[in-house]
Structure formats: C-alpha cells, structure tokens
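Inspection log for the structure reproduced underneath, given as structure tokens.
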Amino acid sequence: LKTARSRQKSYADKRRKPLEFEVGDRVLLKVSLWKGVVRFGKKGKLAPRYVGPFEIVRRVGQVAYRLKLPQELSCIHDMFHVSNLKKCLAESDAQIP
C-alpha cells in the first residue's frame, strides 16, 4: 500500500501547478460552485462558469485573495480561495457577465 500511495502521489505532483497571483493581477471568479443556483437568468449548463475580470487587491494568508468587486456585487464577501480564481488572459476592457 505504501508503494502504491507513493506512486499515486508522484503522478499527482507531476500535474500539479502552484496557483499564485500578484497584487494588481486580473482574475476571473468561479461562480459554478453550487448546483441548482440560477445565475444571470440562465440555468444549468448555459449559465456562465466564471465572471469578471476583477483586480486582486491583496493576498490574505497562503491561499486566499481579496478582490476589488463592483458595487452591484457588494452583497458578497470579497475574499476568495485560490481554487475559485483563474487568471484572466483577455484585454482589460473585456467584461465577462
């Protein structure tokens, strides 16, 4: 069992990449976390999986980031885990619903 566990760990570590962002980077926020939630008037697989881009204001701890959210999203908390963020590669003027 120890041999199998170490082999599986080595396979997983090869594919793993560290997710780190810098202050000022633009990221997309994952909104497809909960099933059954109607987002932006669309339900199911047609609902957007990411919204943004948002600017990172600061890093909080090892795996959390504080984002600069617009006024219409002021009802949600502005701190998110790194697994819910994705680097935005589009131009800065593009807006994803």
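Just so we're aligned: 72 in full-length UniProt numbering is position 72 of the sequence shown, and the numbers increase by one with no gaps anywhere.
Ideal Cβ placement from N, Cα and C applies to all residues, glycine included.
State yes or no: is the C-beta of L28 within less than 8 Å of the C-beta of C88?
-> yes
Beta-carbon separation (whole angstroms), residue 105 vs A90, contact threshold 8 Å = Past the boundaries of the shown model lies residue 105; the chain is included only from 1 to 97, so the question cannot be answered.
K86, enclosing beta strand (DSSP E) - first and last residue | L85 to K87
Can you pull the DSSP bridge partners for L28?
-> K86
Under the three-state reduction of DSSP, which class applies to R58: helix, strand or coil?
-> strand
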